[in-house]
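Here is the structure we will look at, set down as structure tokens.
There are 2 protein chains.
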Amino acid sequence: MNTSVINLKEKSSKIKELHSYKIIVQMNDYYFKLIKVKREFIWHKHTDTDEVFIVVEGSLQVSLRDKILKLREGELVVVPKGVEHKTACSEECTVLLIEPAGTLNTGDAGGALTDTSLEWI
Amino acid sequence: MNTSVINLKEKSSKIKELHSYKIIVQMNDYYFKLIKVKREFIWHKHTDTDEVFIVVEGSLQVSLRDKILKLREGELVVVPKGVEHKTACSEECTVLLIEPAGTLNTGDAGGALTDTSLEWI
């Protein structure tokens with residue numbers, strides 16, 4: 011079992027590619043995933059789980075159908091299950107996602123941006 | 011449903027008392043709890059769940075039976091279920107705990123430090 015101390019920014023510095031989810035730790039059946047982002051994502055929802063976004067570096071916009079949330083470093087939001095959302099990031103940012111293992115990044119929407127290539131770092 | 015942006019340090023600044031767990035968000039059946047700490051805790055384990063500690067401010071020591079982990083701001087550790095641990099903090103620090111709702115702070119040890127007075131902030 012891994013009981014190492016994880017430094018979030020240090021882990022982030024090891025990620026060389028954008029838009030590739032990297033698992034950093036597992037808690038029960040949940041993954042903590044780091045991703046470097048610079049793009050506008052697609053509208054989607056997760057019908058069976060909430061999802062947490064924590065900004066580790068930079069800024070992230072999370073659009074819901076009725077409002078736009080702007081998150082900076084050290085800020086988080088819970089997107090409740092069933093709630094449509096779309097992330098966007100004009101400058102590169104690093105986000106920590108917390109959600110059950112098996113959760114697809116594109117949720118119910120599917121499509122070309124679906125990423126099933128989870129790797130640990 | 012709460013879809014507000016939560017700033018961890020801002021939430022921390024609202025906590026005026028030490029050693030009182032404050033729920034900041036819920037993700038499925040998990041609570042994210044902030045606590046300000048300045049004490050040595052007791053040895054205990056959680057027999058049915060992993061537990062995540064993320065340091066928001068200051069430094070936290072997490073002792074396991076075979077090693078001592080030192081966490082600074084922006085660092086995290088997963089204490090696996092069944093693994094005995096003891097936290098300690100000589101200077102005030104703020105820690106974000108992630109664990110299932112209903113998880114007792116003293117785990118299997120119980121005793122006077124058991125805190126059942128969970129409040130939201």
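Read top to bottom, the protein sequences are chains A and B.
Counting from 1 along the first sequence, just add 10 to a position and that's the residue number in the numbering used here.
Counting from 1 along the second sequence, just add 10 to a position and that's the residue number in the numbering used here.
We put the beta carbon where it would ideally sit given N, CA and C, even for glycine.
Exercise for the section: Figure out for me which residue from B:S22, B:L123, B:E102 and B:E85 has the closest Cα to the Cα of A:K21. Expected result: Ranking B:S22, B:L123, B:E102 and B:E85 by Cα distance to A:K21 puts B:E85 first.
Practice task
Give a yes or no on whether 7 Å exceeds the smallest Cβ distance from A:I16 to chain B.
Solution key: By this cut-off, A:I16 is an interface position.
Practice task
Measure the CB-CB distance between B:Y41 and B:A122 and report whether it falls below 7 Å.
Solution key: Against a cut-off of 7 Å, the Cβ pair of B:A122 and B:Y41 comes out as no contact.
Exercise for the section: Run the CB neighbour count on B:T97, radius 10 Å, all protein chains shown included, and call it buried at 16 or more, exposed below. Expected result: It counts as buried.
Exercise for the section: For A:T104, count neighbouring C-beta atoms within 10 Å of its own C-beta (all shown protein chains included) and say buried if the count is 16 or more, exposed if not. Expected result: Under this definition A:T104 is a buried residue.
Exercise for the section: Check whether the Cβ of B:L81 lies closer than 7 Å to any Cβ atom in chain A. Expected result: Yes, because at least one Cβ of chain A sits closer than 7 Å to the Cβ of B:L81.
Exercise for the section: Please work out which residues of its chain come closer than 6 Å, Cβ to Cβ, to A:F51, disregarding the five sequence neighbours upstream and downstream, and give them in chain order. Expected result: Counting only Cβ-Cβ distances below 6 Å, and skipping sequence neighbours, we find K96 and T97.
Handout entry: Where A:E20 falls: helix, strand or coil (DSSP)
Key = Of the three classes helix, strand and coil, the one that applies to A:E20 here is helix, per DSSP.
Practice task
Just confirm the distance between the C-beta atoms of B:F63 and B:V87, as a whole number of angstroms; I'd bet it's less than 8 Å.
Solution key: Between B:V87 and B:F63 the Cβ distance is about 5 Å, and since that is below 8 Å, they are a contact.
Handout entry: Three-state secondary structure assigned by DSSP to B:A111
Key = In the structure shown, B:A111 sits in coil (DSSP, three-state: anything other than H, G, I, E or B).
Exercise for the section: With a 10 Å radius around its C-beta and 16 neighbouring C-beta atoms as the bar for buried, classify A:N12 as buried or exposed. Expected result: By the neighbour-count criterion, in which 16 or more other beta carbons inside 10 Å mark a residue as buried, A:N12 falls on the exposed side.
Practice task
Taking only beta-carbon positions, decide if B:E67 is within less than 7 Å of chain A.
Solution key: No, B:E67 does not count as interfacial toward chain A.
Practice task
Can you tell me the Cβ-Cβ gap for B:D118 and B:Y31, rounded? I've got them flagged as a contact below 8 Å.
Solution key: No, B:D118 and B:Y31 are not in contact; Cβ-Cβ is about 18 Å, not under 8 Å.
Practice task
Just list the beta strand (DSSP E) runs in the stretch 65-130 of chain B, keeping only unbroken ones of 3 residues or longer that don't cross its boundaries, in chain order.
Solution key: Qualifying beta strand (DSSP E) stretches, in chain order: 69-74, 78-82, 85-89, 95-98 and 103-110.
Problem - CA nearest to the CA of B:S69, picked from B:K77, B:E101 and B:D58 - result: The closest CA to that of B:S69, considering only B:K77, B:E101 and B:D58, is found on B:E101.
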